[in-house]
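*Asks:* Mapping of the sequence shown onto our numbering: position 137 corresponds to residue 140, and the numbering continues sequentially without gaps.
Note that beta-carbon positions come from the ideal geometry of N, C-alpha and C, so glycine has one too.
Encoded as structure tokens, here's the structure I'll be asking about.
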Amino acid sequence: MTSEYTVQGHPISALAEEFGTPLYVYDGDVLRDVYLSLRERLDPRVDILYSAKANPNVSVCAVLRSLGAGIEVSSLVELVTAKQAGAAPDDVIFLGPGKSLDELIACLELGVHAIVAESLEELELLNDMRVPGGARVMLRVNPSFESKGARLAMGGKPRQFGVDQDVLLRSRSFLRSLRHVEVIGIHGYMGTRILDAEDVVHNTRGILAAAEELSAALGFELRTVDVGGGLGVPYFDNEKDLDVDLLATGVNTAVAEFLDRRPGCRVITELGRYLVGWCGTYVVRARYVKESMGEWFVVADGGTNHHMAAVGIGSFVKRNFPVRSLTRYTEPALRPYNITGPLCTPNDVVAKQVALPEVRPGDLLGVERSGAYGPTASPGLFLSHGFPAEVLVLDGTPHLVRRRDTVDDLLGKQELIAIGD
Ligand SMILES: *Cc1c(COP(=O)(O)O)cnc(C)c1O
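Listed below in structure tokens is the structure:
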């Protein structure tokens, strides 16, 4: 008897049969539960914006939107995605260090809550656009304090993001000279994959303090502060779940103190990975199972071309995402396997020496907690395999939310030129 993995009652084999593999499956129940359990713990005065880049699928965005999340976007297509997902313009912000003129125009046309300006030069460009009433911006500060706990720091160091706090503090007259820009607040984002609640609280306090200091020094009314986020999902053996109760208590206290001083100020946290990471499973089918010099290899139909994060960039020792046999979900482990994909590079290793039940060709394997930074953060065009299908199971019904790339999708944009001989 094998007992296979199911998603809301659907056997994984049926989903794989219907939609093919490789496949991303998002469990809408998990997506909802993660959001709501954070929402009910956080002070209702803290708005949650979903950072679309973690999983920009329009239906995933729409689910979070339907639960009350706003959307934080960083490209023209993400902006259109937020609109199609039904986000109210006032619940959308646009950030990114290299915005194009077209993106800025689209933000102004839609009337987003704020453009998050990441350089003084960007502010000048916006000012030159002479928007009637002024373009609403938040200033992204690269704070003087160091971020804590982030696996990848985005602030508190030399970075292309935002403007250094001390530079901003010296920019009062420059900002005054911008007649067509309206500064409404401060944005700070310290980095990603934070798993210690205290570190999130530390960053929140630091950004709230920086915001107050900057508003006083620069003489603008603080109407919105985005305190960032960067909440992590544990992927590897030695990592522990973020303590959301502790986090909420600390953040709520900091926010309550802040709002006592500044009633009515909008407080935003922007979260990507934490909201979507848990709900996704990358499903591949074992094609060949073989032994090489004493190690067992499962060559699957998908690999790091769809799940680059599983490569584990930046660590010397390969650390594995949670990988399971979905076909023999409850069976005990038999031996360690290397799970590899179809690419012709030795780096195409999804998991190294992971203990699994026996794997036979045709079995389904799953990389869990993979709802964030999956296909769209992976080299899906490598070897022209293209991107996998994505399925969202919502209220018991599986929906294809992105169809698999076809040969035409991949070749249709290329031109075969006439070559004389
Ligand atoms: C990527 C990014 C996010 C989302 O980060 P997560 O760690 O996925 O929550 C939020 N804000 C900014 C500025 C980002 O660059």
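(1) Residues bridged to Thr284 by DSSP?
(2) Does DSSP put Ala120 in a helix, in a strand, or in coil?
(3) From which residue to which residue does the beta strand (DSSP E) around Glu334 run?
(4) Would Leu70 and Tyr38 qualify as a contact pair, given that the criterion is a beta-carbon distance under 7 Å?
(5) Return yes when at least one heavy atom of ligand 1 lies under 6 Å from the C-beta of Gly159, else no.
(6) Considering only their Cβ atoms, is the gap separating Val144 from Gly165 smaller than 7 Å?
(7) For Thr3, which three-state DSSP category applies?
(8) Taking 6 Å as the cut-off, is the beta-carbon of Ser295 closer than that to any non-hydrogen atom of ligand 1?
(9) Could you please give the first and the last residue of the uninterrupted beta strand (DSSP E) stretch that includes Glu273?
(10) Does Leu460 come out as helix, strand or coil in the three-state DSSP assignment?
(11) Just verifying my parser: in three-state terms, what is the DSSP assignment at Lys355?
(12) Going by the DSSP bridge assignment, what does Lys293 pair with across the sheet?
(13) Taking the C-alpha atoms as reference points, what is the distance between Arg175 and Asp246?
(14) I believe Ile96 touches Val115 by the beta-carbon criterion, under 8 Å. Please report the beta-carbon distance rounded to the nearest angstrom.
(15) Which same chain residues end up closer than 6 Å to Glu361 when comparing Cβ atoms and leaving out the 5 residues on each side of it in sequence?
(16) Anyone know if the C-beta pair for Gly137 and Glu106 falls short of 7 Å?
(17) Tell me His402's beta-bridge partners as DSSP assigns them.
(18) Return the chain-ordered list of same chain residues with a C-beta closer than 6 Å to the C-beta of His205, the five sequence neighbours on each side being excluded.
(19) Looking at Tyr486 and ligand 1, is the gap between the Cβ and the nearest heavy atom below 6 Å?
(20) Since His388 contacts Pro349 with CB under 8 Å, what's their CB separation in whole angstroms?
(21) Pick from Glu294, Ala303, Val49 and Leu181: whose alpha carbon is nearest that of Pro339?
(22) Using DSSP with H/G/I as helix, E/B as strand and the rest coil, what is Arg139?
(23) Helix, strand or coil for Thr227, going by three-state DSSP, please let me know.
(24) Residues bridged to Asp167 by DSSP?
(25) Applying the criterion that 16 or more other CB atoms from any shown protein chain within 10 Å of the CB defines a buried residue, is Asn323 buried or exposed?
(26) Put Tyr38 into one of helix, strand or coil per three-state DSSP.
(27) Compare the C-alpha of Thr343 against each of Glu334, Leu384, Gly297 and Arg290 and name the closest.
(28) What's the C-alpha gap between Leu45 and Gln417?
(29) State the start and end residues of the unbroken beta strand (DSSP E) segment that holds Arg327.
(30) Beta strand (DSSP E) containing Glu81: first to last residue?
(31) Gly233: beta carbon under 6 Å from a heavy atom of ligand 1?
(32) With a cut-off of 8 Å on the beta carbons, I'd call Gly191 and Arg226 a contact; round off their distance for me.
(33) If you measure between the beta carbons of Pro100 and Gln163, is that distance less than 7 Å?
(34) In the DSSP output, which residue or residues are listed as bridge partners for Ile15?
(35) Taking only the alpha-carbon atoms, compute the straight-line gap between Phe300 and Gln356 and give it to the nearest angstrom.
(36) Buried or exposed: where does Asp202 fall if 16 or more other Cβ atoms within 10 Å of its Cβ makes it buried?
*Replies:* Answer, in terms of the structure:
(1) On the sequence shown, position 281 is the one that residue 284 refers to. DSSP output for Thr284 lists Val28 as bridge partner(s).
(2) Sequence index remark: in the sequence shown, residue 120 carries index 117 (1-based). Strand at Ala120.
(3) Mapped onto the sequence shown, residue 334 falls at position 331. In the DSSP assignment, Glu334 falls outside any beta strand (DSSP E), carrying neither H nor E.
(4) Numbered from 1 along the sequence shown, position 67 holds the residue referred to as residue 70. Numbered from 1 along the sequence shown, position 35 holds the residue referred to as residue 38. For Leu70 and Tyr38, yes; Cβs fall inside 7 Å.
(5) The residue you call residue 159 lines up with position 156 of the sequence shown. Not so, every heavy atom of ligand 1 lies at least 6 Å from the Cβ.
(6) The sequence position of residue 165 within the sequence shown is 162, counting from 1. The sequence position of residue 144 within the sequence shown is 141, counting from 1. Taking 7 Å as the Cβ cut-off, Gly165 and Val144 qualify as a contacting pair.
(7) Residue 3 cannot be examined here, being either before or after the span of the chain that is shown, 4 to 424.
(8) Position 292 of the sequence shown, counted from the start, is the residue given in the question as residue 295. Answer for Ser295: no, Cβ out of range of ligand 1.
(9) Taking the sequence shown and counting its residues from 1, the one referred to as residue 273 is at position 270. Here the beta strand (DSSP E) through Glu273 covers Arg269 to Leu274.
(10) Examination of residue 460 is not possible in this model, given that the chain is present from 4 through 424 alone.
(11) Reading the sequence shown from its first residue, position 352 is the one you call residue 355. Reduced to three states, the DSSP call for Lys355 is strand.
(12) Counting from one through the sequence shown, the residue named residue 293 turns up at place 290. DSSP lists Phe300 as partners of Lys293.
(13) Within the sequence shown, the letter at position 172 stands for residue 175. Within the sequence shown, the letter at position 243 stands for residue 246. Cα to Cα, the separation comes out at about 40 Å.
(14) For the purposes of this step, residue 96 is taken as residue 93 along the sequence shown, with counting starting at 1. For the purposes of this step, residue 115 is taken as residue 112 along the sequence shown, with counting starting at 1. Sure, about 6 Å apart at Cβ, within 8 Å.
(15) What you label residue 361 is simply residue 358 of the sequence shown in a count that begins at 1. Answer for Glu361: Leu337, listed in chain order.
(16) By one-based count along the sequence shown, residue 137 stands at place 134. By one-based count along the sequence shown, residue 106 stands at place 103. Contact flag unset, no.
(17) For the purposes of this step, residue 402 is taken as the residue at position 399 of the sequence shown. In DSSP, His402 forms a bridge with Leu395.
(18) Here the question's residue 205 lines up with position 202 in the sequence shown. Contacts found: Lys151.
(19) Past the boundaries of the shown model lies residue 486; the chain is included only from 4 to 424, so the question cannot be answered.
(20) The count along the sequence shown starts at 1 and reaches residue 388 at position 385. The count along the sequence shown starts at 1 and reaches residue 349 at position 346. So it is not a contact: roughly 17 Å between Cβ atoms.
(21) Here residue 339 is taken as the residue at index 336 of the sequence shown, counted from 1. Out of Glu294, Ala303, Val49 and Leu181, Glu294 has the C-alpha closest to the C-alpha of Pro339.
(22) Taking the sequence shown and counting its residues from 1, the one referred to as residue 139 is at position 136. Note: Arg139 maps to strand in three-state DSSP.
(23) The residue you call residue 227 lines up with position 224 of the sequence shown. Of the three classes helix, strand and coil, the one that applies to Thr227 here is strand, per DSSP.
(24) Against the sequence shown, residue 167 aligns to sequence position 164. Looking at the DSSP assignment, Asp167 forms a beta bridge with Asn145.
(25) Sequence index remark: in the sequence shown, residue 323 carries index 320 (1-based). Per the 10 Å Cβ criterion, buried.
(26) The count along the sequence shown starts at 1 and reaches residue 38 at position 35. Note: Tyr38 maps to helix in three-state DSSP.
(27) Stepping through the sequence shown from its first residue, residue 343 is reached at position 340. The closest CA to that of Thr343, considering only Glu334, Leu384, Gly297 and Arg290, is found on Arg290.
(28) The residue labelled residue 45 in the question sits at position 42 within the sequence shown. The residue labelled residue 417 in the question sits at position 414 within the sequence shown. Linking Leu45 to Gln417 through their CA atoms gives a straight-line distance of about 49 Å.
(29) Reading the sequence shown from its first residue, position 324 is the one you call residue 327. For Arg327, the enclosing beta strand (DSSP E) stretches over residues Val326 to Ser328.
(30) Position 78 of the sequence shown, counted from the start, is the residue given in the question as residue 81. From DSSP, Glu81 is part of no beta strand (DSSP E) but of the alpha helix (DSSP H) over Leu79 to Gln87.
(31) Locating residue 233 in the sequence shown gives position 230, counting from the first residue. Gly233 Cβ: within cutoff of ligand 1.
(32) Here residue 191 corresponds to residue number 188 of the sequence shown, with the count starting at 1. Here residue 226 corresponds to residue number 223 of the sequence shown, with the count starting at 1. Cβ-Cβ separation between Gly191 and Arg226: approximately 16 Å, too far for a contact (criterion under 8 Å).
(33) Locating residue 100 in the sequence shown gives position 97, counting from the first residue. Locating residue 163 in the sequence shown gives position 160, counting from the first residue. Contact: yes.
(34) Within the sequence shown, numbered from 1, the residue matching residue 15 stands at position 12. Bridge partners of Ile15: none, in fact.
(35) Start at 1 with the first residue of the sequence shown, and residue 300 comes out as number 297. Start at 1 with the first residue of the sequence shown, and residue 356 comes out as number 353. If I take the Cα positions, the gap works out to 9 Å.
(36) In the sequence shown, the residue the question calls residue 202 occupies position 199. By the 10 Å Cβ count, Asp202 comes out buried.
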